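Below is one structure, written out as structure tokens, with a few remarks after it.
Number of protein chains: 2
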Amino acid sequence: MNVDWDDLKTVLHVVRGGSLAAAGAALGVNYTTVARRIARAESALDMILFERLADGYQPTRAGLRVAEHAAEMEAREHDLLRQLQGQDERLSGRLVLTAPQLMIGPYVAPAIAQFAEAHPAVEVYLKAGNELADLTRREADLAIRISASPGDSLTGLRMAAQDSASFAAPIWAERMTEGKAAVIDWVVYEQIAHVPKQALERFPNSRVVLVCNDMAAMVGAAVSGLGVVRMPVFLGRATPGLVQVPAIEPQTYADVWLVGHPDVWPSAKVKAFREILVPEFRKRRAEFVA
Amino acid sequence: MNVDWDDLKTVLHVVRGGSLAAAGAALGVNYTTVARRIARAESALDMILFERLADGYQPTRAGLRVAEHAAEMEAREHDLLRQLQGQDERLSGRLVLTAPQLMIGPYVAPAIAQFAEAHPAVEVYLKAGNELADLTRREADLAIRISASPGDSLTGLRMAAQDSASFAAPIWAERMTEGKAAVIDWVVYEQIAHVPKQALERFPNSRVVLVCNDMAAMVGAAVSGLGVVRMPVFLGRATPGLVQVPAIEPQTYADVWLVGHPDVWPSAKVKAFREILVPEFRKRRAEFVA
DNA sequence: ATTCATGCATGCAGTATTGCATGTGTTACA
DNA sequence: TGTAACACATGCAATACTGCATGCATGAAT
Numbered sequence: 012m013n014v015d016w017d018d019l020k021t022v023l024h025v026v027r028g029g030s031l032a033a034a035g036a037a038l039g040v041n042y043t044t045v046a047r048r049i050a051r052a053e054s055a056l057d058m059i060l061f062e063r064l065a066d067g068y069q070p071t072r073a074g075l076r077v078a079e080h081a082a083e084m085e086a087r088e089h090d091l092l093r094q095l096q097g098q099d100e101r102l103s104g105r106l107v108l109t110a111p112q113l114m115i116g117p118y119v120a121p122a123i124a125q126f127a128e129a130h131p132a133v134e135v136y137l138k139a140g141n142e143l144a145d146l147t148r149r150e151a152d153l154a155i156r157i158s159a160s161p162g163d164s165l166t167g168l169r170m171a172a173q174d175s176a177s178f179a180a181p182i183w184a185e186r187m188t189e190g191k192a193a194v195i196d197w198v199v200y201e202q203i204a205h206v207p208k209q210a211l212e213r214f215p216n217s218r219v220v221l222v223c224n225d226m227a228a229m230v231g232a233a234v235s236g237l238g239v240v241r242m243p244v245f246l247g248r249a250t251p252g253l254v255q256v257p258a259i260e261p262q263t264y265a266d267v268w269l270v271g272h273p274d275v276w277p278s279a280k281v282k283a284f285r286e287i288l289v290p291e292f293r294k295r296r297a298e299f300v301a
Numbered sequence: 012m013n014v015d016w017d018d019l020k021t022v023l024h025v026v027r028g029g030s031l032a033a034a035g036a037a038l039g040v041n042y043t044t045v046a047r048r049i050a051r052a053e054s055a056l057d058m059i060l061f062e063r064l065a066d067g068y069q070p071t072r073a074g075l076r077v078a079e080h081a082a083e084m085e086a087r088e089h090d091l092l093r094q095l096q097g098q099d100e101r102l103s104g105r106l107v108l109t110a111p112q113l114m115i116g117p118y119v120a121p122a123i124a125q126f127a128e129a130h131p132a133v134e135v136y137l138k139a140g141n142e143l144a145d146l147t148r149r150e151a152d153l154a155i156r157i158s159a160s161p162g163d164s165l166t167g168l169r170m171a172a173q174d175s176a177s178f179a180a181p182i183w184a185e186r187m188t189e190g191k192a193a194v195i196d197w198v199v200y201e202q203i204a205h206v207p208k209q210a211l212e213r214f215p216n217s218r219v220v221l222v223c224n225d226m227a228a229m230v231g232a233a234v235s236g237l238g239v240v241r242m243p244v245f246l247g248r249a250t251p252g253l254v255q256v257p258a259i260e261p262q263t264y265a266d267v268w269l270v271g272h273p274d275v276w277p278s279a280k281v282k283a284f285r286e287i288l289v290p291e292f293r294k295r296r297a298e299f300v301a
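If you're matching them up, the sequences are chains A and B in order. Reminder that position 216 of the first sequence reads as 227 in this note's numbering, one-by-one numbering, no gaps. Reminder that position 164 of the second sequence reads as 175 in this note's numbering, one-by-one numbering, no gaps.
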């Protein structure tokens with residue numbers, strides 16, 4: 012007769028995750044509980060929502076329809092959470108940030124230290140990583156991102172323009188003085204797994220020694236002398252043991268943005284953090300360009 | 012951190028009902044439970060949603076906002092339930108109908124009997140009453156209504172045009188033969204608590220003896236000889252002990268409609284019931300007009 | 001002033017829900 | 001042809017939730 016809203020939510024997560032275990036993990040409950048909630052929803056709706064196959068729960072047409080509507084309900088829940096956060100005028104509670112791993116040490120951490128001193132009742136939760144947190148789902152209140160634009164339907168402040176350049180251990184700077192014939196090893200990023208064109212013109216004997224999917228590891232490899240890495244200039248300058256080398260000319264890179272959802276933007280905590288972080292970046296703007 | 016959807020629903024009902032007890036009744040749980048769910052929601056959101064005043068729970072600004080969004084979630088739930096019902100091709104399970112109390116005996120009940128025989132696996136649930144069931148909230152699958160139009164955003168079939176006329180016990184027919192001076196007593200409906208104008212022209216000594224808010228009671232009063240009642244002609248004709256009297260000329264009355272929500276309309280059960288009910292009404296169309 | 005009705009808080013006991021442990025069937029891989 | 005790994009069902013014990021009973025405060029009616 013009457014459906015439990017949390018059971019609808021559970022159906023949504025089983026459809027999303029494809030298995031009871033995945034849904035259970037997402038919901039923070041045991042998969043047994045998930046199975047029982049599905050059974051309860053089916054009996055409440057008097058409909059089969061999933062077919063129990065050997066390789067998991069396969070949603071029926073009705074199950075998919077339930078999931079669609081539950082997704083809309085979930086979207087309304089996220090709207091609510093964002094708006095509540097946006098209208099929260101307290102300088103207490105949790106503030107969730109995300110930032111690129113490598114920007115945290117030199118730039119974000121000092122700002123957090125300042126913020127924590129000014130607003131001791133706020134607990135800052137920092138998600139390091141390059142995955143874009145979904146600000147619409149309120150996975151974070153504020154994101155520091157390296158990108159060309161703030162992104163779809165989000166509010167943003169451009170904190171700095173950026174250049175990139177080639178950096179390496181000092182030994183490579185010496186080698187480059189040997190002239191055009193020098194053999195130059197490169198550590199390159201997975202998505203652009205080749206030596207920059209300009210580098211090949213300057214040093215035709217350039218070659219790739221390592222392709223990597225993680226910039227922190229690449230920085231480590233560069234420090235250890237493995238080869239040359241193209242990276243944002245702030246990062247090369249902030250890393251002891253690296254020097255800028257003339258393998259390529261500095262060039263424009265994606266900007267540094269502070270991004271938030273417009274619903275969350277007016278929140279007191281978010282506003283207070285902005286007012287500390289943005290001047291910090293602006294003051295040190297020169298460190299980002301060649 | 013994570014809000015329970017049913018707690019949001021509970022907040023909605025406390026805002027709607029104005030008290031824990033009212034919300035508990037609406038949700039079918041004890042008010043104590045409502046109080047605890049509110050407390051849980053407040054702690055999950057880290058916000059005060061209600062002020063505990065002597066005369067009940069008064070929602071704060073945040074509480075109202077939660078309720079708004081919960082109402083939208085509820086609307087999505089209703090969308091879902093309607094669509095599931097609309098796409099249900101089974102001729103089993105429950106079918107919920109509403110009809111005006113006095114039309115059930117002579118018209119709806121015979122159709123239900125026919126339907127029950129044809130589709131024994133369907134359990135028909137009949138809500139008698141004049142309150143309009145909210146078909147959007149799925150309070151009913153189909154409604155038989157006396158009205159000028161099917162109503163906002165609903166699908167409808169006009170099953171019969173209707174006239175009204177004056178009916179009374181036979182004694183009043185005799186009295187009216189006495190001529191213009193006869194004293195005619197009326198039993199009138201609450202919303203139109205006066206003698207019809209035309210009746211006053213024909214019998215200037217007409218007067219109101221009873222104002223009533225229930226047509227069934229008025230029919231009973233008429234049968235017992237208390238006075239004349241204006242009613243749909245089908246009702247006067249179907250009621251033993253009443254005859255049509257020339258106190259007023261028959262006149263056009265609101266039509267009889269079969270109304271449903273477009274989402275629910277395609278359901279097999281709804282379709283099957285229509286195919287029995289509508290011909291029944293159409294066949295007996297003449298009984299509704301003078 | 002007294003009584004009643006309404007609205008809520010709280011302690012306690014029963015019930016329902018949950019998580020864990022164990023067992024079965026299927027698929028992928030060596 | 002074993003052997004994991006995964007996905008799920010089920011029985012049992014612990015936990016969380018719920019409802020009831022009682023008590024307090026407020027306001028309306030007598």
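Virtual Cβ for every residue (Gly too), placed ideally from N, Cα, C. Being a predicted model, the structure only gives us computed values, none of them experimental.
| Check | Outcome |
| --- | --- |
| Residues near residue 18 (chain A) by beta carbon distance below 6 Å, same chain, minus five either side | 48, 51, 52 |
| Contacting positions in the stretch 89-116 of chain A - beta carbon closer than 7 Å to chain B | 90, 91, 94, 95, 104 |
| CB-CB length for residue 77 (chain A) against residue 102 (chain A), believed under 8 Å | About 41 Å; that fails the 8 Å criterion. |
| 8 Å Cβ cutoff met for residue 275 (chain A) and residue 174 (chain A) | no |
| Environment of residue 43 (chain B) [buried if 16+ CB atoms lie within 10 Å] | exposed |
| Residue environment, residue 94 (chain B), which counts as buried when at least 16 other CB atoms sit within 10 Å | buried |
| Distance between residue 46 (chain A) and residue 33 (chain A) (C-alpha atoms, nearest Å) | 12 Å |
| C-beta contact flag for residue 164 (chain B) and residue 195 (chain B) at 8 Å | no |
| Alpha helix (DSSP H) segment containing residue 49 (chain A), residue limits | 42-56 |
| Min CB distance residue 53 (chain B) to chain A below 8 Å | no |
| Buried versus exposed, by CB contacts within 10 Å (16 or more), residue 6 (chain B) | Here chain B comprises residues numbered 12 to 301, so residue 6 (chain B) is not present and cannot be evaluated. |
| Chain A contact for residue 280 (chain B) (CB, 8 Å cutoff) | no |
| Anticipated Cβ contact below 8 Å, residue 110 (chain A) with residue 139 (chain A), distance rounded | 7 Å |
| Cβ pair residue 198 (chain B), residue 240 (chain B) closer than 8 Å | yes |
| Test item: CB-CB of residue 90 (chain B) and residue 80 (chain A) under 8 Å | yes |
| Within-8 Å CB hit, residue 138 (chain B) to chain A | no |
| Whether residue 177 (chain A) touches residue 262 (chain A) by CB criterion (8 Å) | no |
| Residue-level contact to chain A via CB, residue 24 (chain B), 8 Å cutoff | no |
| Assigned exposure category for residue 237 (chain B) - 16 Cβ within 10 Å defines buried | buried |
| Contact with chain A by residue 80 (chain B), beta-carbon distance below 8 Å | yes |
| Partners in chain A for residue 57 (chain B), counting only beta-carbon separations shorter than 7 Å | 104 |
| Residue 54 (chain A) burial status per 10 Å Cβ neighbour count (16 or more: buried) | exposed |
| Residue 16 (chain B) at chain A interface by Cβ criterion, 8 Å | yes |
| Own chain residues within Cβ distance below 8 Å of residue 21 (chain A), not counting five before or after | 34, 38, 45, 48, 49, 52 |
| The stretch 112-126 of chain B touching the stretch 283-295 of chain B, judged by at least three CB pairs closer than 8 Å | yes |
| Limits of the unbroken alpha helix (DSSP H) element including residue 96 (chain B) | 72-97 |
| Alpha helix (DSSP H) segment containing residue 17 (chain A), residue limits | 16-28 |
| Through-space distance from residue 107 (chain B) to residue 270 (chain B), alpha-carbon basis | 12 Å |
| Proximal residues to residue 257 (chain B) (C-beta, below 7 Å), its chain only, five neighbours per side dropped | 187 |
| Exposed unless 16 or more other CB atoms sit within 10 angstroms - verdict on residue 69 (chain A) | exposed |
| Simplified DSSP assignment, three categories, for residue 176 (chain A) | strand |
| Where residue 191 (chain B) falls: helix, strand or coil (DSSP) | coil |
| Span separating the alpha-carbon of residue 99 (chain A) from that of residue 88 (chain A) | 17 Å |
| Endpoints, alpha helix (DSSP H) assigned at residue 31 (chain A) | 31-38 |
| Span of the beta strand (DSSP E) around residue 243 (chain B) | 240-243 |
| Cβ-based contacts, 8 Å cut-off: residues of the stretch 143-161 of chain A near chain B | none |
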